[in-house]
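In what follows, a single structure is set out as structure tokens and then discussed.
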Amino acid sequence: MNVALIGATGKVGSRILDELLSRGHTVTAIARNTEKLSGRKGVTARTGDVNDALALATLIKGCDAVISAVPFRTSDPATLVKAVEASGARRYLVVGGAGSLEVAPGVRLIDTPEFPEAYRQEATAGAAFLDFLRTQDKLDWTFLSPSALFVPGERTGRFRLGKDQLLVGEKGSTISFEDFAVALVDELEKPAHPRQRFTVGY
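Residue numbers (this note's numbering): 2 to 203.
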């Protein structure tokens, strides 16, 4: 596919870029600083502003799908959705957050006393982003939430999928950037969660 990746040089975006390229996809990689993207085969690097819907739509026009890997606190869901719809792309996949996952019926991770205050602003914005997507009845979107601990690691290809509940394994609630990228590109290639949030963890 021809995939637009917004935030292609970030911690998660760079792993998604690697995964897309390893599977033979062509990527329009959008970032504020494209120097890290120069010379990569299969990549068309573009400088873009996530808060300019018209300009962003022009950059991603002609792509089959759009993946958004940008911080929630510095982006606006309405602007991003407007850009995707205007571009004509058929699918929109979002790197989500763990804060809105449930740890008990009706209790989100962000609502627990242990939730780190340093991540609250981003997690709150991520939950609002998901709420906005759930109001969209035309866009084919998918929101993938990581586990609570989301860190650099290995690409193992071995993980579990869930829906709206936080996944907790033997080593707690964790997933590597690399395996998150595998799960996201799997969803891109074989859609199983249209207009849904799902989650990945060990």
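Think of the CB as a built atom: it goes at the ideal place given N, C-alpha and C, for glycine as much as any other residue.
Boundaries (first-last residue) of the alpha helix (DSSP H) holding residue i
i, result
"residue 122", "121-134"
"residue 23", "12-23"
"residue 140", "Taken as a continuous stretch (DSSP letters only), residue 140 belongs to no alpha helix (DSSP H), as it is neither H nor E."
"residue 1", "In the structure as shown, the chain begins at 2 and stops at 203. Residue 1 is therefore absent and cannot be evaluated."
Between the CA atoms of residue j and residue i - distance to the nearest angstrom
i, j, result
"residue 41", "residue 114", "44 Å"
"residue 135", "residue 83", "15 Å"
"residue 80", "residue 53", "7 Å"
"residue 5", "residue 107", "35 Å"
"residue 126", "residue 73", "5 Å"
"residue 50", "residue 70", "13 Å"
"residue 187", "residue 117", "31 Å"
"residue 164", "residue 103", "10 Å"
"residue 154", "residue 2", "26 Å"
"residue 56", "residue 8", "15 Å"
"residue 18", "residue 65", "15 Å"
Residue i CB to nearest heavy atom of the ligand GTP below 7 Å
i, result
"residue 194", "Absent from the structure shown: the ligand GTP. Ligands present: none."
CA nearest to the CA of residue i, picked from the options
i, options, result
"residue 168", "150, 154, 202, 187", "202"
"residue 30", "55, 56, 60", "60"
"residue 121", "101, 146, 93, 17", "101"
"residue 194", "93, 44, 28, 10", "93"
"residue 160", "123, 39, 176", "176"
"residue 123", "96, 26, 22", "96"
Residue i (DSSP reduced to helix, strand or coil)
i, result
"residue 113", "coil"
"residue 181", "helix"
"residue 69", "strand"
"residue 94", "strand"
"residue 46", "strand"
"residue 35", "coil"
"residue 101", "coil"
"residue 4", "strand"
"residue 150", "strand"
"residue 87", "helix"
"residue 186", "helix"
"residue 28", "strand"
"residue 169", "coil"
"residue 108", "strand"
Cβ-Cβ distance between residue i and residue j below 8 Å
i, j, result
"residue 33", "residue 48", "yes"
"residue 149", "residue 105", "no"
"residue 20", "residue 183", "yes"
"residue 131", "residue 199", "no"
"residue 12", "residue 178", "yes"
"residue 67", "residue 87", "no"
Min CB distance residue i to chain B below 8 Å
i, result
"residue 131", "Considering every chain present, this structure includes no chain B. It has just one protein chain."
Beta strand (DSSP E) segment containing residue i, residue limits
i, result
"residue 198", "197-202"
"residue 157", "Looking at the DSSP string, residue 157 is not in any beta strand (DSSP E), and its letter there is neither H nor E."
"residue 75", "Careful: residue 75 lies outside any beta strand (DSSP E) and carries neither H nor E."
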